[in-house]
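S.K.: This is the structure I want to talk about, given as structure tokens.
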Amino acid sequence: MSELDPGTLLPNDRMRQQALDGDVTQIHRGQRYAAEGDTFEIDGTTFEVVAVDDRTLGDMTDADARAEGARDLDQYKQILERAHENFEWEDDSEIVRHRFERV
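28 is the number of the first residue of the sequence shown in our numbering; add one for each residue after it.
Right under this line is the structure:
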């Protein structure tokens with residue numbers, strides 16, 4: 028178990044605030060950035076990574092999108108397209124889900 032910089036998982040202030048508010052409870056990234064049991068702290072609140080799963084973009088659901096602060100999967104796709112230059116949604120693209128909880 029390690030203590031992570033919160034920016035390792037949550038790349039911007041908006042997402043870190045959404046985690047504090049309870050609106051973001053997971054994030055998918057292109058690679059593994061944490062292991063189960065790792066912790067990170069945001070403004071004095073500690074979070075623990077409770078699951079790390081290999082998935083594909085095609086595995087994602089509306090529930091996954093909501094857990095990352097989006098309204099639904101369509102909005103989530105739009106967010107990714109705006110955030111990543113030349114991004115194309117391909118269902119078989121491999122990703123890693125990091126789920127976390129307040130301790």
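Ideal Cβ placement from N, Cα and C applies to all residues, glycine included.
Give me the Cα-Cα distance between L47 and N113, rounded to the nearest whole angstrom.
M.R.: Near 31 Å, if we compare the C-alpha coordinates of N113 and L47.
S.K.: Which runs of the alpha helix (DSSP H) spanning at least 4 residues fall entirely within the region 37-116, listed in chain order?
M.R.: If we require 4 residues or more, the alpha helix (DSSP H) runs fully inside the region 37-116 come out as 40-48, 89-94 and 100-110.
S.K.: Near A62, what residues of its chain come up, given a Cβ to Cβ distance below 8 Å and the 5 sequence neighbours on each side ignored?
M.R.: Non-local C-beta neighbours of A62 in its own chain, meaning closer than 8 Å and more than five positions away in sequence, comprise M28, S29, V76 and V79, ordered along the chain.
S.K.: Tell me which residues share the same chain as A97 and place their Cβ nearer than 7 Å to its Cβ, disregarding the 5 neighbours each side in the sequence.
M.R.: Y103 and I106
S.K.: Measure from the alpha carbon of I69 to the alpha carbon of each residue in L31, R126 and W116, then state which is nearest.
M.R.: L31
S.K.: Give me, in chain order, the residues of the same chain whose beta-carbon lies closer than 6 Å to that of M42; leave out the 5 immediate sequence neighbours on both sides.
M.R.: V51
S.K.: For D99 and A92, which I take to be in contact (beta-carbon distance under 8 Å), what is that distance rounded to the nearest angstrom?
M.R.: 6 Å
S.K.: Provide the residue span of the beta strand (DSSP E) that contains V123, from first to last.
M.R.: Counting along the chain, the beta strand (DSSP E) containing V123 begins and ends at E121 to R129.
S.K.: Note down the Cα distance separating E95 from D81, rounded to an integer number of angstroms.
M.R.: Computed Cα separation, rounded: 16 Å.
S.K.: For V123, I'd like the list of residues in its chain whose CB is within less than 8 Å of its CB, leaving aside the five on either flank, ordered along the chain.
M.R.: H55, R56, G57, Q58, R59, Y60, V79, D80, D81 and R82
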